[in-house]
Structures are given as structure tokens and as C-alpha cells.
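Asker: Letter by letter, the sequence shown follows residues 4 to 142 of the numbering used here. Built from N, CA and C at the ideal position, the CB exists for glycine as well. Owing to the predicted nature of the structure, the values given are computational and were not obtained by experimental measurement. I'd like to ask some things about the structure below.
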Amino acid sequence: MALQGPIPVSFNQVFPHGCYVVGEVEAVKDFDASTNGRFVQARDKSTGELVWQVAVMDADPAVKPGQKTVAVKILAPVQPVPPAPMPGLPFTPVEFDHVTVTPYVNGTGRLAYSIKVREMRAPRTGTASAKPTTAKDAA
């Protein structure tokens, strides 16, 4: 089978209405390597990068309230910093790059997805490839 391991997807496929940071960026614990009183941070099995996690709220109005908040794992050598808050908004909008999903069966027997990303950033507001509207704008 061609699909093995994490499946690359676009940010817009996972969060078509965007998402918002609603928690702190935290180190993910390696439960196998950690012992009483000794915290060991998890590393990604395929890249060896440190694993961090942040809670985000899906802005899709059709998502059920109990499923609005999801954990996004970030693979990075140092703790990622969320974008600066935007004035007038109760939550900070965020986008992710290099997104992958890994399907799995959760503890209740339902299909779930682990979301991993490589970068966290503020949403892009414009496009760099915007075309000029007049000949004067092009000059």
C-alpha cells in the first residue's frame, strides 16, 4: 500500500474555517522513558525532533461543541511561540505548515486523527501573488 505513516494534508483541509490557540505550548511527555520525578520529552519516531503540543479551537461552526478543541503536535528543536494576540479577539488565530494526519482507533473504538505540524504562524492576510489592477499599478 502506498499510504504508510503520516498522511500529508494542507492546513485548509484540516481547518477550513481556521483555528485559534486556546492553550499553552507544552512539551509532550515520553511515558515510556519518563520515571517517577524524571520528565523525558517525547521525540518523533521518524524525525527525532522534540514533540510539543498546543490546544486549538476549530472555528468550523458545524463541529460539535465537544469536538471543537483538538491537540496539535508540533515537531521543533525548541519550544514554538504562538503568534501575538490580535486586538479585539478573545483567542489568537493561528495557522500551521507541513501538516500531517495519522488515523488511529481511540480508546472508545472510534476513528480519530493525530495532527502533527512543523511550523506554527500567524494567518496570512494577503497574497504575495496579487496581480496589479491597472497598468499604472504595474509600473
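Alpha helix (DSSP H) containing Phe14: first to last residue?
Answerer: Where Phe14 is concerned, the enclosing alpha helix (DSSP H) stretches over 14-17.
Asker: In or out: Ile10 buried (at least 16 other Cβ within 10 Å) or exposed?
Answerer: Result: exposed.
Asker: My guess is that Asp63 and His20 are in contact by the Cβ rule of under 8 Å, so how many angstroms apart are they, rounded?
Answerer: Right, their Cβ atoms sit about 4 Å apart.
Asker: Which of helix, strand or coil does DSSP assign to Gln70?
Answerer: Gln70 falls in the helix class under three-state DSSP.
Asker: What number of angstroms, rounded off, separates the C-alpha of Val3 from the C-alpha of Ala45?
Answerer: The displayed coordinates of the chain run from 4 to 142. Any statement about residue 3 would go beyond what the structure contains.
Asker: With DSSP as the reference, label Met123 as helix, strand or coil.
Answerer: Met123 falls in the strand class under three-state DSSP.
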